[in-house]
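Visitor: The following block contains the structure, expressed as structure tokens.
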């Protein structure tokens, strides 16, 4: 499952505004739950989640491949979303190998930080 949020994929800052284009593909093994649509307004006053995408397959690898393909075909314009972050996670070797724990995202986000980003943060 990937929860698509209206937020900057690098800083997690909210990205309210009007969705100009909203296209999430479906297909076998893909389920999309959303109320968002083109011309939908994403308010800064409520939860930033605009869709949930779930995939299944014969095995984990097939489910991951379906999720990657679905997210690669997703088109959301007018706001920033965390779709690029989900695609990076889906390509991460530890994720693909199933080497996961509750600390995975903290390690993943820290590994993405560059010395330049760290210098500007502090």
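In the numbering used here, the protein residues as written are 34 to 155.
Think of the CB as a built atom: it goes at the ideal place given N, C-alpha and C, for glycine as much as any other residue.
Please read all numbers here as calculations on a predicted model, not as lab measurements.
(1) In the DSSP assignment, the alpha helix (DSSP H) including residue 121 goes from what residue to what residue?
(2) Give the DSSP-derived three-state secondary structure of residue 127 in the structure shown.
(3) Looking at the secondary structure, which residues open and close the beta strand (DSSP E) in which residue 110 lies?
(4) Throw me the rounded Cβ distance for the residue 38 and residue 106 pair, which I believe falls under 8 Å.
(5) List the DSSP bridge partners of residue 56.
(6) Decide yes or no for the touch test of the region 119-131 against the region 93-109: beta carbon pairs closer than 8 Å, at least 3 of them.
(7) Please go through the same chain and pick out, in chain order, the residues whose beta-carbon is closer than 6 Å to the beta-carbon of residue 58, but skip the five residues on each side of it.
Guide: Taking the definition as stated:
(1) Here residue 121 corresponds to residue number 88 of the chain shown, with the count starting at 1. Looking at the DSSP string, the run of the alpha helix (DSSP H) that includes residue 121 is 116-124.
(2) Counting from one through the chain shown, the residue named residue 127 turns up at place 94. It is helical.
(3) Looking up residue 110 in the chain shown gives position 77. Taken as a continuous stretch (DSSP letters only), the beta strand (DSSP E) holding residue 110 covers 108-110.
(4) Sequence index remark: in the chain shown, residue 38 carries index 5 (1-based). Sequence index remark: in the chain shown, residue 106 carries index 73 (1-based). Between residue 106 and residue 38 the Cβ distance is about 18 Å, and since that is not below 8 Å, they are no contact.
(5) For the purposes of this step, residue 56 is identified with residue 23 of the chain shown, where counting begins at 1. BP columns for residue 56 point to 108.
(6) yes
(7) Numbered from its first residue, the chain shown carries residue 58 at position 25. Excluding sequence neighbours, residue 58 sits near 103, 106.
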